[in-house]
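Colleague:
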Amino acid sequence: MSTLAAQRPPSRAESWALGATGLAALFGLWTLLAISGVVPAQFLPTPWAVAQRFVELTHTPFTGYTIQQHLASSVQRYLLGFGLAAVIGVPLGLAMGWFRWLDDIVTPLFEAIRFVAPIAWVPFAALWFGTGIGGPTLIIFMGAFPPALVNAYRGARFVEPRLIEAAQTLGAGDWRIIAQVLLPASVPSIVAGLRISAGLGWQSLVGAELIVASSGIGYLIVKGQSNISTSTVMAGMVAIGIVGFAIDVALRRVEARIHARRGQ
Amino acid sequence: MSAIVFEGVKRVFQRDGRDFPTLDGIDLTVAEREFVAIVGPSGCGKTTCLRMVAGLEFPTHGKVTVGGATVDAPGPDRAVVFQQFALFPWKTVAENIEFGLKSKGVANGTRSETIARFVELMGLQGYESAFPHQLSGGMQQRVAIARAYALDPAVLLMDEPFGALDAQTRTVMQEELVRIARTNPRTVLFITHAVEEAVYLADRVVVMTRRPGRIREIVDVASVRRSEHWDRHERIEEVMDQASFVHLRTHIWKLLREQQRPNEH
Amino acid sequence: MSRRRSSRWGVGLASIAATLVAWYVLMATGVVSSARFASPREFWAALVQINVQGYADARLWQHVWHSSKLVAMGFAVAVAVGVPLGLAMGWSRRAEAFFNPPFLLIRPIPPLAWIPLAIVWLGLGDAAKVMVIFMAAFVPSVINSHAGVRAIEPYLVEASAMLGVRRWPFVREVLVPGALPYIFTGLRLSLQAAWTTLVAAELVGALHGLGQVLNAAAQDIYPAMILVGMVFVGIAGAAMTWLLGVAERRAMPWRAA
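Chains as they are written, first to last, in this note's numbering: chain A, 1 to 264; chain B, 1001 to 1265; chain C, 2001 to 2257.
1. Just the chain A side, please: which residues come within less than 9 Å of residue 2221 of chain C by C-beta, in chain order?
2. Inspect the beta-carbon positions of residue 1158 of chain B and residue 1081 of chain B and report whether they are closer than 9 Å.
3. Could you round the C-beta distance between residue 2143 of chain C and residue 2132 of chain C to whole angstroms and report it? I think they count as a contact, below 8 Å.
4. Under 9 Å Cβ-Cβ, which residues of chain B neighbour residue 2165 of chain C?
5. Please work out which residues of its chain come closer than 6 Å, Cβ to Cβ, to residue 2017 of chain C, disregarding the five sequence neighbours upstream and downstream, and give them in chain order.
6. From which residue to which residue does the alpha helix (DSSP H) around residue 1062 of chain B run?
7. Distance cutoff 9 Å, beta carbons only. Does residue 2185 of chain C sit that close to anything in chain A?
8. I'd like to confirm something about residue 2180 of chain C: is its beta-carbon nearer than 8 Å to some heavy atom of the ligand NAP, or not?
9. Please list the partners that residue 1056 of chain B has in chain C, where partner means a Cβ-to-Cβ separation under 7 Å.
10. State the Cα-Cα distance for the pair residue 1170 of chain B and residue 1244 of chain B, rounded to the nearest angstrom.
11. Compile a chain-ordered list of the residues in the stretch 2075-2102 of chain C whose CB is closer than 8 Å to at least one CB of chain A.
12. Quick check: what's the CA-CA separation for residue 235 of chain A versus residue 48 of chain A?
13. So what's residue 1157 of chain B in DSSP terms, helix, strand or just coil?
14. If we call anything under 9 Å between Cβ atoms a contact, is residue 1204 of chain B one with residue 1218 of chain B?
15. If contact means a Cβ-Cβ distance below 7 Å, which residues of the stretch 1064-1098 of chain B contact chain C?
16. Residue 220 of chain A to residue 2061 of chain C, Cα distance in whole Å?
17. In angstroms, rounded to a whole number, what distance separates the CA positions of residue 2120 of chain C and residue 43 of chain A?
18. Taking Cβ-Cβ distances shorter than 7 Å, what residues in chain B pair up with residue 2155 of chain C?
19. Verify the CB distance criterion: does residue 2172 of chain C have a CB-CB separation below 9 Å to chain D?
20. Determine contact between the stretch 156-165 of chain A and the stretch 177-195 of chain A, defined as no fewer than three beta-carbon pairs at a distance below 8 Å.
21. Counting contacts by CB-CB distance shorter than 9 Å, is residue 153 of chain A in contact with chain C?
22. Find the residues of chain A that neighbour residue 2036 of chain C, judging by a C-beta separation of less than 7 Å, and give them in chain order.
23. Do you know whose CA, among A:114, A:91, A:207 and A:257, lies nearest residue 77 of chain A's CA?
24. Please report the distance separating the alpha-carbon of residue 257 of chain A from that of residue 248 of chain A.
25. Do residue 1047 of chain B and residue 1160 of chain B have their CB atoms nearer than 9 Å?
26. State the start and end residues of the unbroken alpha helix (DSSP H) segment that holds residue 2176 of chain C.
27. Considering just the uninterrupted stretch of the beta strand (DSSP E) at residue 1037 of chain B, what are its terminal residues?
28. Could you work out which residues of chain C lie near residue 213 of chain A, taking near to mean beta carbons separated by less than 7 Å?
29. What would DSSP say about residue 1217 of chain B, mapped onto helix, strand or coil?
30. Using only the alpha-carbon positions, how far apart do residue 1031 of chain B and residue 1004 of chain B sit?
31. At least one CB of chain C closer than 9 Å to the CB of residue 1151 of chain B: is that the case?
32. With contact counted as at least three CB pairs below 8 Å, one residue from each stretch, are the stretch 2151-2161 of chain C and the stretch 2098-2108 of chain C in contact?
33. Once DSSP output is grouped into helix, strand and coil, what is the label at residue 1023 of chain B?
34. Express the C-alpha separation of residue 1078 of chain B and residue 1053 of chain B in angstroms, rounding to a whole number.
35. Does the structure place the stretch 1035-1050 of chain B close enough to the stretch 1108-1121 of chain B that three or more beta carbon pairs sit under 8 Å?
36. Using only alpha-carbon positions, find the residue among B:1024, B:1254 and B:1117 that is nearest to residue 1013 of chain B.
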C-alpha cells in the first residue's frame, strides 16, 4: 500500500547533479536543434554562436554603437524614469497614507489610470517626445510609478496603531510623529515597493525601446530582428536578462540589509 | 495489540557538525488502553516522543514500537490530534471526518454512518456542512477529535490539543475527553504542560527533565482516582478541589520546579 | 461610519469630475495643443468612428475580440504548463533542483524582450503573438504555484500522512486546494502580463487588435483615436481582472470573507 511517505530531501551533491542535468538538458536540446538543421541556422544559432556574437558586439558597433553603449543609453533612461517614479511616487504615497483626504482625492484617479498598461502610452510618448529621451522615460515612469506609490501608501497607512499611541502618550507633536514614527515604520514597505518598481521599470524600458528609440538595448534587438540576425537578438536578450537580474539582486541585498538593521 | 514501548530512545540533532541531544534515553511502556500524560518543561522533548510514536520523527538510538511492531511511518492506526487542529480549511466538517475513512477504503454507506455517529458523539450536529473558519477553536478541536476517533485507531496521540483554546473552553473539552475516553477506551498518549490537566485526565503522568529529556518520575494517578473516587464528582472543579488531587498536582509541580535554572522564575 | 463612507465616495466622484472638467477646459482654451492631445468631443467622435465605420480595417469589437482570443489561447497554454510545473517544483525538492537553473535563466528576460525573437521565428502573425503571450504568462504561474505549495502548513501534510492519504488523492484533495490562493495570484499576474505583452506585440506589428489600433493612430497622428485605444486597453485589463476575481471567489468558497 503506497502511502505518502516522508520525503528524503536530496543531498547537496544530488541537488547539484540535478541542476547541472537540467541546464545540460536545456542547452543540449538547444544545441541539438541548432546543429541538426531542423531549424535553419539563420533562425537558431547555437549557444556558442550567441556567445561569440555577444563578444563581437562589445567591440563592433551595431547600428552605430557597441552593446555597452546601447546598454549605457538604456540604463540612463531607466534611471531617469525610475528616479522620477520613486521621487514622486514615494512621497505622494506616504502623504496619501497619512492624510485621508488626499487619499480620497487621488485614489479614484489612480485606479482609473492604473489599468492602462504602460506600453499603451507609447503612441503618446512618440507623439510628444519623438525618439528623444522623454519617450522611454515616460513609459518607464508609467511602469515604475504604481508599485512605488502603492507600497509607500500601504506602509504609511498600516502602521501599527500602538506605535502612534505610544508616541502620542510621550507627548510628540504631529510632525514629530510623522518623522520619527510613521516614516521609519514605512521603510520596509517602501523598499519592497521600490524593488518591484525597479523590475517593472526595466521591463517597461525594454518595451519602450522596441518602438520609440533610436538607441538602447531594446532598439538593438528590434534592429537585430529586422536584419534577421538572430544571434544579435539573442545576445541582446542575454544582456537584458543580466542587467535585470543584477538590479533585482542589488535591491534584494538592500532590502535584506534594512531588515537586518531592524532586527527582522 | 496497541501497547506503546519506548526502548532506550535517544534523539540527537546535528547542526554544523555539532550534536544537540534532545532525548537522552527514554524507557517507557504504555499499556493497552492506558491513558498516559507526559509533562515537562519547554524543549524537553515530550512532543518529540509523541511524534516518534506517530511516525513523523524517528529516534537516533533505540526504538519505538506499537503492538510489537517498530514504527516506521505515520498511519491511521495511530491517530494524531494536533495543537493547531490541522483541519483542511477547504473541506467541510463532514468531509474532514470523512477524509481518513475514504483513504482507508471504507464503503460509502458505512462512512456516512460513522460520520454521523461521531458528529453526535462530539456534539457537532448541525455543523456538518460548515467550514473550519466558521467554527470556534473549541469546535474545531472537536472535529479533529471526531476525525481521529472515526479512524478507530489502536492508539490516540494528542499533542497539547487544548493549548490553543481559552481557559473556559479548555475546561469543557477536558470534561468531554474524560467522558469519551471512558466510553471509547484506547491507548492514549497525551502531551501537555498543564499539570492539572494531566492529573485530571491520565492514569499515569510521566514527568520529564529539561533538555536533554529523561524521565524524572512516573506518577501513578489511576490508583488514587480509584481509591478517592474522583469519578463520583461530575464537575471538573470539584475533582480539582479534592485534597488528593491537590497533593498529586503539587508533587508534580515540585518536580518541575527542580528543572528550572536558578535565574529563571 | 456610513457618513464617512459616503463622504469618501463624494470626494472621489468630485475628484474625477474635476479632472474631466479640467480636461475640457485645457483643450478648449488651447493650453494643451490639439496636436498633442484630444478634447472630450474629439474623443467621442473617434469612439463613434471606430464603432460604426471601423478603424485600422475593423470595428472596435472585432479588434477587442481578436486580441482577447489570442490572450485566452496563450494564457491557457501557459497556465496548463506552468501551474503543474510550479506545483511539482514546490512539492519535490528533486524536481526543483532539476528545473530551477534553466528556469532562473529564462526568468530575468522580460516578456517584451521575446517579441523580436518571436517575429524572427514566426513572422508578424498570430502565432508569434501567442508565443510571446505564453512566455509572459508562464513565469508568474510557475513562481506562484511553487510558492503556493510551500505555503501549505506542514501540519496539514502531516495530518494527510497520518490519515493514510495516498499520492494522487493527496494532490487532488490537499496539494491543489492548499495552493489555490497562490495559484490564483499567479493567474492574475499571468493574465495581466499576457494582456500587456499582447498590446506591445501588436504595437510592434500586427494586422488586428487594440495594439494595432494604437499603432495606426500613432502613425496617422490621431490623438483622439490613441486615447480611445488606451481607454479600451484599460477597460479590457480591468474586465479580465474582475472576471478572474469572480472565478477566484467561486473556486474557494471556504475562504473567510
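Glycine included, every Cβ here is placed at the ideal spot set by N, Cα and C. This structure is a prediction, so every number in the text was calculated from the model and none was measured.
Modeller: Looking at the coordinates:
1. 127
2. yes
3. About 18 Å; that fails the 8 Å criterion.
4. The contacting residues are 1099, 1100, 1102 and 1103.
5. Within the same chain, residue 2017 of chain C has no close Cβ partners at all.
6. Run containing residue 1062 of chain B: none in the alpha helix (DSSP H); it sits in the beta strand (DSSP E), 1061-1066.
7. no
8. Looking at this structure, you won't find the ligand NAP or any other ligand, since it has none at all.
9. 2158
10. In a straight line, the C-alpha of residue 1170 of chain B is about 22 Å away from that of residue 1244 of chain B.
11. Correct list: 2092, 2093, 2094, 2097, 2098, 2099, 2100, 2101 and 2102.
12. 11 Å
13. strand
14. Cβ distance < 9 Å, so residue 1204 of chain B and residue 1218 of chain B count as in contact.
15. 1074, 1075, 1076, 1079, 1080, 1082, 1084, 1086, 1088, 1089 and 1090
16. 35 Å
17. 7 Å
18. 1082, 1084 and 1086
19. No chain D appears in the structure shown, which is made up of the protein chains A, B and C.
20. Cβ pair count under 8 Å is three or more, so yes.
21. no
22. 127 and 128
23. The residue with the shortest Cα to Cα distance from residue 77 of chain A is A:207.
24. 14 Å
25. Closer than 9 Å, so yes.
26. 2176-2204
27. 1035-1039
28. Going along chain C, no residue has its Cβ under 7 Å from residue 213 of chain A, so there is no contact; the nearest lies around 12 Å.
29. strand
30. Distance from the CA of residue 1031 of chain B to the CA of residue 1004 of chain B, rounded to the nearest whole angstrom, comes to 7 Å.
31. yes
32. no
33. In the structure shown, residue 1023 of chain B sits in a strand (DSSP, three-state: E or B).
34. 8 Å
35. Of all C-beta pairs linking the stretch 1108-1121 of chain B to the stretch 1035-1050 of chain B, fewer than three are shorter than 8 Å, placing the two stretches out of contact.
36. B:1024
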